[in-house]
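Per my numbering, the sequence shown starts with residue 444, numbered consecutively.
A virtual CB, placed ideally from N, CA and C, is assigned to each residue, including glycine.
Step one of this worksheet: look at the structure below.
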Amino acid sequence: MDQQKTGHARGGAETGHPIPHPRPPDSRCHQDVRYPRSRRYHLYEATALALILSGLVHLAVFAVDGGPWSGPVSWRKPVTFGLSFGVTLLAVVRVASYVRVGPRLRAALLGVFAADCVVEVAGITLQAWRKVPSHLDMETPFDTAVSMTLAVGGGVLVVLLAWFAVASFRHRPTGPAGMALAVRSGFAILLVALASGAAMIARGVVLTRTGHQEAAYHSTASLKPLHGVSLHAVLVLPALARLLSRTPWSEAVRRRIVVAAVGCYTAAVAAAGAWAVLRY
């Protein structure tokens, strides 16, 4: 038997044909494993594109109608929230495919997340057309209902995205070189965005309840840069890892680039956090 194996190897070498080698046992960790995508995923992505389109449409409305860009009542809010929620939903739908969870559970959680994004953007857009603030507005029962709906929706977002973050750390995400670090870092930094958003709402509610309505509208300014910068790490870092997988560079080089990108993004978040503390 050994002689037959030796002879087969020698024959392969003599004839110039490559001798197949077994795949290393840990090579599957570096494969771009993706879970099957159902029609629901296409619906979620279409929803994300619709939210982005809504933001662009309201940017055109702002260009025609004018008015202030900043402040609690402006076209800025349906523009920025439509674009931000649309991009975030699209990123999470794509990135969640690298997280090791059951496909049915993943699809269900993404469905709740997509519906919540629609509710948030719809409430903000409705109030913009009504020319009233969308958040922290307790002037009328209807405005209070909208404001509380947005707050509850924000809580649902925190729970869902925190769950994906924990899942990404419990089991190593799949994907090409550097993707595991990119996914974990993206979700970890996203938690900073969720925490800063919760802090903005909590501070504004306290000021509103104590009779400082106008101060509540302006109390979130210091935290907005931190919230905005940390919100899109889950898009930027995995997208970078994905783009690097299409290059001829070695896995070691791609991993080092992702590590450097994570470091730069973390530094930007830290700078925004320091600015928020100084201005708080």
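Shortest Cα-Cα distance from Leu637 to any of Val712, Ala605 and Thr617 involves Ala605. Taking a 10 Å sphere around the C-beta of Met643, we find 16 or more other C-beta atoms and assign the residue as buried. Straight through space, the alpha carbons of Leu532 and Ile700 are spaced by roughly 25 Å. Here Lys520 carries a helix assignment [DSSP, helix/strand/coil].
The beta carbons of Phe505 and Trp518 sit closer together than 8 Å. Pro576 and Pro521 have their C-alpha atoms spaced approximately 11 Å apart. If you draw a straight line from the Cα of Ala631 to the Cα of Thr663, it is about 22 Å long. Across the structure, Ser513 and Thr587 are spaced so that their CA atoms are roughly 22 Å apart.
Going by DSSP, Lys667 is part of the alpha helix (DSSP H) stretching over Lys667 to Leu674. Between Ala714 and Leu680, the gap from beta carbon to beta carbon reaches 8 Å or more. Rounded to the nearest angstrom, the Cβ distance from Gly629 to Leu687 is 15 Å, too far for a contact under 8 Å.
Distance check between Ala676 and each of Leu548, Ala695 and Ala534 places Ala534 closest, using alpha-carbon atoms only. In the displayed model, Ala620 falls within coil according to three-state DSSP, outside both helix and strand. Counting along the chain, Glu694 sits inside the alpha helix (DSSP H) bounded by residues Glu694 to Arg722.
With distances taken between CA atoms, Arg646 lies nearest to Ser665 out of Ser665, Val516 and Pro584. The C-alpha of Asp559 is placed about 21 Å away from the C-alpha of Ser611.
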